[in-house]
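Here the working numbering is used: the first residue of the sequence shown is 1, the next is one more, and so on.
Here a beta-carbon is modelled for each residue, glycine too, at the ideal position from N, C-alpha and C.
A quick note: this is a predicted structure, and the numbers were derived from the prediction, not measured.
Everything below concerns the one structure shown next.
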Amino acid sequence: MKISDGYVDFMSYKTYYIVYGDLSSEQTPLVVLHGGPGYPHYYLENISVLAEHERPVVFYDQLGCGKSDRPDNPELWTIELYTEELNVIRKALNLNTINLLGQSWGGTLALEYMFTKPKGVEKLILADPLVDTKLWVNEAKRLIKELPRWAADIMIEHEAKGTTDSFEYREAYAVFKKKHICQLEPYPKAMAKSDNEAGQPYTVMWGPNETTVTGVLKDWTSLDRIHEIKIPTLFISGEYDEATPKQIEIAKNLLPGSEWVLMEGCSHTPNLEQPEKFMKNVSDFLK
Numbered sequence: 001m002k003i004s005d006g007y008v009d010f011m012s013y014k015t016y017y018i019v020y021g022d023l024s025s026e027q028t029p030l031v032v033l034h035g036g037p038g039y040p041h042y043y044l045e046n047i048s049v050l051a052e053h054e055r056p057v058v059f060y061d062q063l064g065c066g067k068s069d070r071p072d073n074p075e076l077w078t079i080e081l082y083t084e085e086l087n088v089i090r091k092a093l094n095l096n097t098i099n100l101l102g103q104s105w106g107g108t109l110a111l112e113y114m115f116t117k118p119k120g121v122e123k124l125i126l127a128d129p130l131v132d133t134k135l136w137v138n139e140a141k142r143l144i145k146e147l148p149r150w151a152a153d154i155m156i157e158h159e160a161k162g163t164t165d166s167f168e169y170r171e172a173y174a175v176f177k178k179k180h181i182c183q184l185e186p187y188p189k190a191m192a193k194s195d196n197e198a199g200q201p202y203t204v205m206w207g208p209n210e211t212t213v214t215g216v217l218k219d220w221t222s223l224d225r226i227h228e229i230k231i232p233t234l235f236i237s238g239e240y241d242e243a244t245p246k247q248i249e250i251a252k253n254l255l256p257g258s259e260w261v262l263m264e265g266c267s268h269t270p271n272l273e274q275p276e277k278f279m280k281n282v283s284d285f286l287k
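This is the structure we're talking about:
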């Protein structure tokens with residue numbers, strides 16, 4: 001399989017990209033948007049297996065994480081920055097026609113990108129997406145209460161106090177993470193690599209962790225605009241996902257004609273937990 005990578009100039013910075021497969025293929029390339037914000041592409045890189053069937057797959061590390069430049073400038077990190085970065089990537093790589101897959105925050109970014117009415121996007125896949133922050137937070141509170149009592153009490157106490165950097169909290173948060181973010185044991189190397197190269201955009205745009213939102217996304221929603229999307233759309237998420245079935249069902253019902261695959265037994269990373277089933281669903285949808 002052909003693999004090529006490099007950097008695209010974006011503003012005064014450099015954005016890293018990697019392409020699996022040949023962009024001259026007759027099949028429409030799949031552009032993959034990672035989560036976070038600021039959580040680089042490594043944990044999604046197994047989606048590159050789709051390139052073995054002639055479909056090019058394009059990943060890039062959004063500015064502020066991974067192999068891209070990581071400027072120390074909290075004021076930079078906005079939704080508008082990232083929608084424009086995707087435009088720049090498409091132009092630089094001549095991606096006139098694409099399919100788009102966004103995972104978690106990447107789904108948020110994909111939605112915001114579609115709201116700008118871009119040309120040449122054929123199909124949209126929203127994997128474990130954030131669709132509404134207040135809904136996400138309310139569901140997170142419910143999921144916390146359903147944890148073992150000791151973990152729930154500790155998380156609730158420290159989130160109320162703002163002491164989520166304490167060892168005690170991190171110990172309890174690990175229980176939440178194991179159930180609702182990634183259930184695999186041992187913890188995947190690809191996730192660890194994304195953890196290690198995560199960046200400033202996460203804390204600025206989101207907050208200290210998945211269940212505590214203090215950043216610029218705290219009032220964000222797509223639910224008043226999602227009906228504007230007019231291309232075939234697939235939701236895919238896990239049974240135990242922090243992007244809970246309730247959240248995805250609400251969004252799907254607001255987007256006529258959209259499809260939804262709920263992956264039983266999975267959490268927030270079904271591409272790693274049940275890769276064959278995940279890839280088959282994506283591949284079948286893109287045919």
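At least 3 beta-carbon pairs within less than 8 Å: the segment 9-21 vs the segment 52-68: yes
Chain-order list of residues whose beta-carbon lies under 8 Å from that of Ile181 (same chain, five-residue window excluded): Glu210, Glu242, Ser267, His268 and Thr269
Just to confirm the assignment: which complete beta strand (DSSP E) runs, minimum length 3, are found wholly within the segment 199-260? 233-238
Note the first and the last residue of the continuous beta strand (DSSP E) segment covering Glu122. Val121 to Ala127
Can you tell me which of the three DSSP states Ile181 falls into? coil
Residue from Ala160, Glu84, Leu262 and Tyr13 with nearest C-alpha to Asn73: Tyr13
Three or more beta-carbon pairs under 8 Å between the segment 238-253 and the segment 209-226, yes or no? yes
Distance CB(Ala51)-CB(Met11) smaller than 9 Å: no
Which residue comes first and which comes last in the beta strand (DSSP E) that contains Thr9? The identity of residue 9 in the sequence shown is Asp, whereas the question assumes Thr. Start and end: Ile3 to Phe10.
Under 6 Å Cβ to Cβ from Lys287, same chain only, skipping five residues before and after it: list those, please. none
Where do the N-terminal and C-terminal ends of the beta strand (DSSP E) with Leu30 fall, by residue? Leu30 to Leu33
Spatial distance of Asn281 from Leu130 (CA atoms): 20 Å
Own chain, CB closer than 6 Å to Phe309, minus 5 neighbours either side, in chain order: Beyond the ends of the chain as shown, which are 1 and 287, falls residue 309; an answer cannot be given.
Which residues DSSP lists as bridging Thr116, in chain order: None, per the DSSP bridge assignment.
Taking Tyr82 as part of the alpha helix (DSSP H), name the residues at either end of that continuous run. Ile79 to Ala92
Supposed contact pair Val31 and Ile47 - C-beta distance, whole angstroms, cut 8 Å: Contact flag wrong, Cβ pair sits at about 11 Å.
Leaving out the 5 sequence neighbours to the left and right, which residues in its chain are closer than 6 Å to Ala151 when beta-carbon positions are compared? Ala172 and Val175
Can you look up Tyr42 in the DSSP assignment and give me helix, strand or coil? helix
Secondary structure at Tyr173, three-state DSSP: helix, strand or coil? helix
Quick one: grab the DSSP three-state call for Leu23. coil
Cβ-Cβ separation, Leu217 to Ile250 (assumed contact under 8 Å), whole Å: About 18 Å separates the two Cβ atoms, so there is no contact after all.
I need the boundaries of the beta strand (DSSP E) containing Val57, first residue and last residue. Val57 to Tyr60
Taking all protein chains shown into account, decide if Arg90 is buried (16 or more other Cβ within 10 angstroms of its Cβ) or exposed. buried
Note down the Cα distance separating Leu126 from Lys161, rounded to an integer number of angstroms. 34 Å
What separation, rounded to the nearest whole angstrom, lies between the Cα atoms of Ser283 and Glu157? 44 Å
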